[in-house]
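Residue numbers (the working numbering): 2 to 995.
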């Protein structure tokens, strides 16, 4: 118990003392913590440290070295000064140095001092003569009393020499032994690239060691070429050295695979070796691939490139969906370093050929079959020099599985646009027969541009700024077969001045193509057939127009009218062809299983875009023609109301009164005129709803994703995934499909529901005419027009509310006659073909009616002119009323139904010679003089306007805004000018048209 109690006492004392220590610690730390709340420190870099300082990688600052020490090679530690040995060290910066005696040097490891036989180096270490190696320790590691300089045996017994560190004897280079039977390369043999080349043989003793700089228009001396070109060529040819042959091929590729029979450069050396080794076998039975040599060229024969690219299909099937789905292009590359060493096989996924940084998912999207890929960016030269100190060379292959389930690879040809053949850029020619295809590529070459020192900054750097992968579909394939892909590459030579401020634009793309010749032929056939039908349709319309104006002569006006009709019909032809083409591509490309069609490339879309432009231009011409026709019609409101008795009226100037008829109110005419003015721009759809709904489905629902140039039919895309560029044809197809579907739905809803259960403004206008006791006489042509019979069956319309309600009740209970022009009929609307005599009489009255250009100027005109216009108005009203009532036997008319063929062709077979003709019209065709009756033209014009803006700007929102804006502008113009024409032709004061 005592022991335990003592323990408690001790523990209690410890707790008290610990508590005090903790308190003291906190009092010491907390002020310092509060002082360090800024968390800042000086910014130091290793290169800013002095020669007697090192960079502390933990404290991130420069720290002084100890006595007799200096900064190490890497700058993050200290080493002893020359002549000082290290007596203590833990592998870190903390070391202790001690000076060696004056007659002794420091061992190679720096830990000991030793006597030297032949003096000291600047580093304070022992020095040996050339050809000797320094020996400081026994085999068991004990230090010798004095260092020894041992001479390497260069005789035939061993053929050895000192290595670069002069601490071992190694066997001499085999070329030295073969040429001179010694370790020295004496004349007349040639020492180049560390090899001793015998002068015996026909191989040239020198070669052109300059790099071709086609982009800069000059050549540059290359230290790498001067040092290694001839040696690699000789080693490849004379000794069949595999790495030397690869290195020689790399130098040829660095020189853009350029061939010149005059200058003996890298590729000419390679070709010389290729020709001198003709006796060797080929690799894999490929005539262009000689044993021991890399495969660089396909050959120089004219017309060889098209055979390679379009003769043998790849034995691989590609399909978008189904059990045998195959949408992955499995490219692999054999990579080599600049010295010809094989590095590894590697897949191209992960951005091996893509200089622009991006996520792995987006980079790998380039090799998804059917996805058009485009990537571009701007990279600083300093980053490129840091990422690519030496070039890596790639031989590209496409991996596939044959019918026997064996894994094979297919060589991918390369079209190097910088290749020169006899100083001509043959691969930039548009004729593939002149191309010279190659095999090996690199991305960045920062070596060949070094002129004097391989360790210095290059004067010129060569970068692959454009890499394009082209994949062609085999014509008429049903299984998704393709020809060998083609890599097109273009290099840019950049003269380096300031790498940190210089940058370069690079791009990588994958495009798919197929022979569009058959599609073009079919489109031209359709254009020819439908264009011929358009000519026939325009001729019929022109013939109908000639009959309606009562002129049998063919004059310039007739030709112009034919061209206007033809413009409208041809616009419909172009529209039908473009819509059909767009729907074909979006259906057959997106819905196919085994690939049989590929989207047209942007260049191939130009013809389609031209067709869309023609359709819009011609439809705009038709639209303007219709608007002009509508705002220049002749119209008059026939008032059937008669006076209801007489009243006494004061006679001015006579001081008396006399009886006069009760004047008929003009307000009914004003009311009908206002209603006509309001329905001029009424449409069967809501334009704003149309635009917003289409935009909603495109942008919000995601239908615009169907226009992407990939095989996916999904409406939503992951933002982190690659988004392919848009196809203009597919954008047009998606837009037209949505626009037409939504427009047709609106029209059907308008006709089937809205007009039946809400309001039908056209029929309501006809009813209003009947209730107002006013008919509408409308002439769209000289001898053709429309008539709305609004004569009230009750005799009067200018009445009070009670009588009006009684009249409506009687009409609802069939207690009065029907409203039709013909007794016991309801037909109130007619198409009319008037005789020339009737038209002449109409024009005589009309000239007086419109002499002063409408009532707006009546206030400033003379009283006689005003009275004359009033008389003309009453004369016109009386004439048209009497004409309808068959009063004028010499200008009579008769009523008949149109023949079916007349309705279909839109023309009249019978000419109104002596009598005018009224055709029963139950379809209210007078609406053709309004927006209402031209909905198809308006719908297509708005659609084409939307598509043209989108094709030009690739922006649906902008297209929607501009489309709605033009709708409002043309609606305003149609209303304003139509209102002025209405006031002019009917003598209704424009101030009452609200």
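Quick reminder that beta carbons are idealized off the backbone N, C-alpha and C, glycines included.
Quick caveat: nothing in here was measured; it's all calculated off a predicted structure.
- Note that the C-beta distance between residue 463 and residue 450 is below 9 Å.
- Pairing residue 592 with residue 322, the inter-Cα distance amounts to about 9 Å.
- Nearest to residue 387 by alpha-carbon distance, out of 585, 288, 578, 356, is 356.
- Taking one beta carbon from each stretch, the region 524–539 and the region 491–499 have fewer than 3 pairs nearer than 8 Å; the two do not touch.
- In the displayed model, residue 296 falls within coil according to three-state DSSP, outside both helix and strand.
- Between residue 709 and residue 725 a beta carbon distance of about 5 Å is seen, short of the 8 Å cut, so the two are scored as contacting.
- The straight-line gap separating the alpha-carbon atoms of residue 458 and residue 65 is approximately 32 Å.
- Of the candidates 139, 845, 738, 832, the residue whose Cα lies closest to the Cα of residue 918 is 832.
- Taking a contact as a CB-CB distance under 8 Å, the pair residue 102 and residue 150 does not count as one, their CB atoms being some 20 Å apart.
- DSSP places residue 225 in the uninterrupted alpha helix (DSSP H) bounded by 224–240.
- In the structure shown, residue 921 falls within a strand segment according to DSSP collapsed to helix, strand and coil.
- Secondary structure at residue 345: strand, using DSSP grouped into helix, strand and coil.
- Selection 880, 227, 665 evaluated against residue 773 yields 665 as nearest (Cα-Cα).
- DSSP, read as helix, strand or coil, puts residue 494 in strand.
- Secondary structure at residue 64: strand, using DSSP grouped into helix, strand and coil.
- Annotation: residue 101 is outside any alpha helix (DSSP H) and is labelled neither H nor E by DSSP.
- In the structure shown, residue 990 falls within a coil segment according to DSSP collapsed to helix, strand and coil.
- In the structure shown, residue 85 falls within a strand segment according to DSSP collapsed to helix, strand and coil.
- Closest by C-alpha distance to residue 876, out of 727, 752, 845, is 845.
- Only buried fits residue 392, as 16 or more other CB atoms lie within 10 angstroms of its CB.
- Taken in chain order, the unbroken stretches of alpha helix (DSSP H) that lie wholly in the region 565–633 and span 4 residues or more are 607–631.
- If the five residues before and after residue 351 are omitted, its C-beta is found closer than 8 Å to the C-beta atoms of 361, 364, 365, all from its own chain and listed in chain order.
- Exposed is the label assigned to residue 156, since fewer than 16 other Cβ atoms lie within 10 Å of its Cβ.
- In this structure, the CA atom of residue 563 is about 30 Å from the CA atom of residue 677.
- Around the beta carbon of residue 806, a 10 Å sphere encloses fewer than 16 other beta carbons of the protein chains shown; the residue is thus reported as exposed.
- By the C-beta density criterion, residue 173 is buried, having at least 16 other C-beta atoms within 10 angstroms.
- Inclusion of residue 638 and residue 683 in the CB contact set at 9 Å is not warranted, their separation being larger than that value.
- Residue 112 sits in coil when the DSSP states are folded into three classes, being neither helix nor strand.
- Following the DSSP letters along the chain, one finds residue 788 in no alpha helix (DSSP H) but inside the beta strand (DSSP E) bounded by residues 785–789.
- Straight across, the Cα-Cα distance linking residue 884 with residue 891 is about 10 Å.
- As far as DSSP is concerned, residue 641 takes part in no beta bridge.
- Per DSSP, residue 553 is not a residue of any alpha helix (DSSP H), being assigned neither H nor E.
- Taking residue 526 as reference, the option from 768, 578, 410 with the minimal CA-CA separation is 578.
- With a threshold of 16 other beta carbon atoms within 10 Å, residue 112 falls short and is exposed.
- Residue 415 and residue 952 have their C-alpha atoms roughly 33 Å apart.
- Residue 736 is a Cβ neighbour of residue 957, given a cutoff of 9 Å.
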